[in-house]
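Undergrad: This structure is in structure tokens; I'll ask about it shortly.
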Amino acid sequence: MIKEIINEIKNADTILVAGHIMPDGDDLSSVTSMVMGLEKIGKKVVGVIDDEIPEYLSGFEAINKCVRDFDCAKNNPADLIIIVDASSPDRVGRVQDLFEYKRVIVIDHHATNLNYGNINWVVPESASAAQLVLEVLKELNVEYDEELATINLLGIATDTGFFKYSNTNSKVFTDAAYLVDKGANLNKITNQILENKPIEHIKLMKDVLEEMRFEFDNKLAYSTVSLEMLNKYGIEQKDTPPFVGDLRSLRGVEVAIMYNQAKDNEYHISMRSKSWFDVSEVAVHFGGGGHKKAAGFSYKTDNIEELMKKVSNFIGEKL
Ligand code: 5GP
Ligand code: MN
Ligand code: MN
1 MIKEIINEIK
11 NADTILVAGH
21 IMPDGDDLSS
31 VTSMVMGLEK
41 IGKKVVGVID
51 DEIPEYLSGF
61 EAINKCVRDF
71 DCAKNNPADL
81 IIIVDASSPD
91 RVGRVQDLFE
101 YKRVIVIDHH
111 ATNLNYGNIN
121 WVVPESASAA
131 QLVLEVLKEL
141 NVEYDEELAT
151 INLLGIATDT
161 GFFKYSNTNS
171 KVFTDAAYLV
181 DKGANLNKIT
191 NQILENKPIE
201 HIKLMKDVLE
211 EMRFEFDNKL
221 AYSTVSLEML
231 NKYGIEQKDT
241 PPFVGDLRSL
251 RGVEVAIMYN
261 QAKDNEYHIS
271 MRSKSWFDVS
281 EVAVHFGGGG
291 HKKAAGFSYK
301 TDNIEELMKK
311 VSNFIGEKL
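When you line the sequence shown up against UniProt numbering, it's residues 1 to 319, in that order.
Here it is in structure tokens:
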């Protein structure tokens, strides 16, 4: 599979690299690393994400340099699109409108991937998409410098919860060590992401804790962030903090859910499980996707209580 991808890349002059909407660290790392790496071997490349970049990732210069909005993709002459970290076509936003005109390579690590490209390299055992990008760039003999190594490490670090989630296998450390040997600065990444939270986020957390509920003997914990709560603290929707991890960290909680309001009548639901529960099944049932222990979906409704009840019922039968 990777050989086919290498051939396609070698035969293309201009390449569009795209990631998913509501971009996270792995997504932006994968797009940016792919763009930087392909540029190093002389390709004309543009990186595109059809969404805004969250504030906590905007401090990485390489990302700002390499990632553009959808307007840059619309009239791009590329005949090859490489999609990273996106399990279904709706996840790339309007970039999917270009699929019929171009060849599409999908590089992903979600077990729920729909194999929607012409070539689909999907490796669920891989902790991050960034590691698959590393494989490709190694295969192309790309010379890593400090900046590329650091941005490539970003995705491995964030998708493994900074080397502590259950997806943290030995390959994670081998790949991370390779990048650190090339000059990657893990401390820069941790400072930028973990030690740099806006004070408003902890104030919002107080309100989220007020809204917190438990069901099924505390095995399910959930809460919500409404647009009103965000407004109160002047936080933009794209910068909604990932409180779902804090809910999961509580003793006895197996499933944690955050209902984050995106628009008046739309929510993004972010789910995490601790040890055995498969939240990707829940996400797929409600039209989304993800991994066993981290999954999500978007849902149009103006009745959040009703949605919470539906989700709780679905989960309660399995808990
Ligand atoms: P998060 O809760 O951080 O938004 O997402 C957790 C995981 O679920 C990520 O791997 C993400 O790619 C996936 N995911 C989140 N939301 C959606 C969605 O709406 N659709 C799909 N297919 N996957 C999602
Ligand atoms: Mn992602
Ligand atoms: Mn990922």
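Each residue gets a CB set at the ideal place from its N, CA and C atoms; glycine is no exception. Predicted model only: the values in this text are computed from it and were never measured.
1) Compute every distance between the C-beta of R103 and the non-hydrogen atoms of ligand 1, then say whether any falls below 7 Å.
2) Which same chain residues end up closer than 6 Å to L140 when comparing Cβ atoms and leaving out the 5 residues on each side of it in sequence?
3) From which residue to which residue does the alpha helix (DSSP H) around M36 run?
4) If we ignore side chains and look at the alpha-carbon of each, how far apart do A18 and I156 end up?
5) When DSSP builds the beta bridges, which residues end up paired with V106?
6) Under three-state DSSP, which class holds G183?
7) With V142 and G37 assumed to form a contact (beta carbons below 8 Å), what rounded beta-carbon distance in angstroms separates them?
8) Could you check if A157 belongs to the surroundings of ligand 3, using beta carbon to heavy atom distance under 7 Å?
9) Going by other Cβ atoms of all chains shown within 10 Å of its Cβ, with 16 needed for buried, is A256 buried or exposed?
10) With contact counted as at least three CB pairs below 8 Å, one residue from each stretch, are the stretch 167-178 and the stretch 199-206 in contact?
11) Alpha carbon to alpha carbon, what distance is there between P89 and L114?
12) Should the stretch 20-33 be regarded as contacting the stretch 50-57, the criterion being three or more beta carbon pairs within less than 8 Å?
13) Would L179 and N152 qualify as a contact pair, given that the criterion is a beta-carbon distance under 8 Å?
14) How far does the beta strand (DSSP E) with V17 in it extend, from its first residue to its last?
15) Taking DSSP as the reference, what is the three-state secondary structure of I235?
16) Given a cut-off of 8 Å, decide if Q237 and L247 are closer than it, judged by their beta-carbon atoms.
17) Comparing C-alpha positions only, which one of D145, E254, K310, F297 sits nearest to N185?
18) Which of helix, strand or coil does DSSP assign to I21?
19) So is the beta-carbon of M22 under 7 Å away from any non-hydrogen atom of ligand 1?
20) Tell me where the beta strand (DSSP E) around A294 begins and ends.
TA: On the basis of the coordinates in this document:
1) no
2) I41
3) 25-40
4) 18 Å
5) I83, N120
6) coil
7) 4 Å
8) no
9) buried
10) no
11) 8 Å
12) yes
13) yes
14) 14-18
15) coil
16) no
17) D145
18) coil
19) yes
20) 294-300
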